Amino acid sequence: MPKNEYEVIIGLEVHAELSTKTKIFCNCKTVFGGAPNIQTCPICMAMPGTLPVLNEKVVEYAVKAGLATNCKISRDSKNDRKNYFYPDLPKAYQISQFDKPLCYEGYIEIDNSDGKKKIGLTRIHIEEDSGKLNHDELGGGTLVDLNRAGVPLIEIVSEPDLRSPEEVEQYLKKLKSILEYIEVSDCKMQEGSLRADVNVSVRKIGENKFGTRTEMKNMNSFRSITRAIEYETQRQIDVIENGGKIYQETLRWDDVSGKTFSMRDKEDAQDYRYFPDPDLVAIKLSEQYIENIKNNLPELPESRKKRYLEEYKLSEKDAKLITSSKYLSNLFEEASKISGNSKAVNNWIISDISRILNETETDPIEIPFDSKQLAKLVILIDKGTISSSIGKKVLEELFKNPRDPEKIIEEKGWVQISDESAIKEVVNKILETNPQSIVDYKAGKDRALGFLVGQAMKETKGKANPQMLNKMFLEELNK
Numbered sequence: 002m003p004k005n006e007y008e009v010i011i012g013l014e015v016h017a018e019l020s021t022k023t024k025i026f027c028n029c030k031t032v033f034g035g036a037p038n039i040q041t042c043p044i045c046m047a048m049p050g051t052l053p054v055l056n057e058k059v060v061e062y063a064v065k066a067g068l069a070t071n072c073k074i075s076r077d078s079k080n081d082r083k084n085y086f087y088p089d090l091p092k093a094y095q096i097s098q099f100d101k102p103l104c105y106e107g108y109i110e111i112d113n114s115d116g117k118k119k120i121g122l123t124r125i126h127i128e129e130d131s132g133k134l135n136h137d138e139l140g141g142g143t144l145v146d147l148n149r150a151g152v153p154l155i156e157i158v159s160e161p162d163l164r165s166p167e168e169v170e171q172y173l174k175k176l177k178s179i180l181e182y183i184e185v186s187d188c189k190m191q192e193g194s195l196r197a198d199v200n201v202s203v204r205k206i207g208e209n210k211f212g213t214r215t216e217m218k219n220m221n222s223f224r225s226i227t228r229a230i231e232y233e234t235q236r237q238i239d240v241i242e243n244g245g246k247i248y249q250e251t252l253r254w255d256d257v258s259g260k261t262f263s264m265r266d267k268e269d270a271q272d273y274r275y276f277p278d279p280d281l282v283a284i285k286l287s288e289q290y291i292e293n294i295k296n297n298l299p300e301l302p303e304s305r306k307k308r309y310l311e312e313y314k315l316s317e318k319d320a321k322l323i324t325s326s327k328y329l330s331n332l333f334e335e336a337s338k339i340s341g342n343s344k345a346v347n348n349w350i351i352s353d354i355s356r357i358l359n360e361t362e363t364d365p366i367e368i369p370f371d372s373k374q375l376a377k378l379v380i381l382i383d384k385g386t387i388s389s390s391i392g393k394k395v396l397e398e399l400f401k402n403p404r405d406p407e408k409i410i411e412e413k414g415w416v417q418i419s420d421e422s423a424i425k426e427v428v429n430k431i432l433e434t435n436p437q438s439i440v441d442y443k444a445g446k447d448r449a450l451g452f453l454v455g456q457a458m459k460e461t462k463g464k465a466n467p468q469m470l471n472k473m474f475l476e477e478l479n480k
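Throughout the sequence shown, residue numbering follows the working numbering, covering 2 to 480 in sequence.
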């Protein structure tokens, strides 16, 4: 049976590290990238006799995330022990939440070919992160780094409402954007601050019963997630078509080979032997506490998008792209205020800046220059100090070595040529060496003018004033 006679069912469990200053049950710092095991204490190392104390900020951030994703908030919640053995889990159990999560029954809206689609959220709960295993290939051993042990997480569990890799990517980008806007996580996927467990099953179109699912663990790149879903979908269809059986198991995605490999049987909830953590008190939230967080939520992506459509007259497409990232949105808004030219700032972001981010697989949070430097670039072009083509070179330099754009153009000698006699000299030279273009223009071929201007820009290495070039070429050609 061909692939188009099957449908894929996808559910996601997204783990987001919270941007609290300290861990969930102790005072150790949560800063990424420290030397191994320096951000640890007896509590997060699970020394005998130590007791956890819940960080209140973790509860606040989780409630924030729940309210921003249309969840109901539980007034009565608790922490549970999730029992499993793994070398980087010091206690041999993880403190998580089982039957009473902080947030439940929410949704996120995405755009698809039929318009808007709601992706249900089963729950958002708090838990602690595990440590990290560093495999020493040279020494042939494995070392444990417990800096990450006890870093607070929220786990956002979706309903199995996703039906394609494209929908998954949209959902993840929307969720990432919301978490960035409410400032509960930096969502740096390359640092593991945002990662997803992807559950995939297939069934024949028309069937109501779900197929057996497999789970791909700890994926932290949109591209890898999309490729993994495409591969696993086809693998499951091939197994079924060949008379085989899909087993519930945990898989590892290998990005180099583009294949999934079995790691272990997939556990069910009962395998973890959950029970309430006796060392932690229940979490009771008042109406006033929840209402206060709700009233202080920052502007969310959808609200900001609507404002940009009205205030800045952006197109739907441009507003959606810019507001998809809090960092891009802030860059746009601040640079627009400084430069007074929101249209030009918008054009730089949706064209060249987005292109460079995509080509280099850079997250907007890592843009090395600030709104003042982007605004200065726009102002220099508006004043005629540099041309747009030189502006592109300045932007590339800002990505490589950010500094004042004015200093860049001075260092590189990129100041625009606006001297009439110098430009006249270039125009005459280009006309002399391209007589056929003059004939073409006289014959009504308007593209000849664009060719001549292009040649003049090439001659001046992009430094000639394009408006003056156009004007002078027209004057000469229409004589």
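Every residue, glycine too, gets a C-beta built ideally from N, C-alpha and C.
This one's a predicted model, so the numbers in the text were calculated from it and none came from an experiment.
- For F276, the three-state secondary structure derived from DSSP is strand.
- Taking a contact as a CB-CB distance under 8 Å, the pair P365 and S178 does not count as one, their CB atoms being some 10 Å apart.
- Taken through DSSP and simplified to helix, strand or coil, K119 comes out as strand.
- Annotation note: the region 232 to 273 contains the following uninterrupted beta strand (DSSP E) runs of length 3 or greater, listed N- to C-terminal: 250 to 255, 260 to 266.
- Within the same chain, P43, I44 come within 7 Å of T51 by CB-CB distance, once the 5 residues on both sides are set aside.
- By the Cβ criterion, the region 448 to 458 is not in contact with the region 398 to 408, since fewer than three pairs of Cβ atoms, one from each stretch, lie closer than 8 Å.
- Membership of P369 in any alpha helix (DSSP H) is not indicated, and neither H nor E is assigned to it by DSSP.
- In the same chain as N84, and ignoring 5 residues on each side of it, the C-beta atoms closer than 6 Å to its own belong to Y94, Y273, R274, in chain order.
- Around the beta carbon of R356, fewer than 16 other beta carbons lie within 10 angstroms, which makes this residue exposed.
- For V185, the three-state secondary structure derived from DSSP is coil.
- For V440, the number of other beta carbons within 10 angstroms of its own is below 16, and it is reported as exposed.
- DSSP places N5 outside any alpha helix (DSSP H), giving it a letter other than H or E.
- In summary, R124 is buried, with 16 or more beta-carbon neighbours lying within 10 Å of its beta-carbon over all protein chains present.
- A444 is classed as exposed because its beta carbon has fewer than 16 other beta carbons within 10 Å across all chains shown.
- Secondary structure remark: continuous alpha helix (DSSP H) runs of at least 4 residues inside the region 418 to 479, in chain order: 421 to 434, 436 to 443, 448 to 460, 467 to 478.
- The beta carbon of S340 lies closer than 7 Å to those of V346, A376, V379, I380 in the same chain, with the five residues before and after it left out.
- Secondary structure at G392: helix, using DSSP grouped into helix, strand and coil.
- In this structure, K321 sits away from K307, with a CB-CB distance that is not shorter than 8 Å.
- In this chain, the alpha helix (DSSP H) harbouring R356 covers 355 to 360.
- An exposed status is given to P279, since fewer than 16 other beta-carbon atoms sit within 10 Å of its beta-carbon.
- Under the three-state reduction of DSSP output, M190 falls in the helix class.
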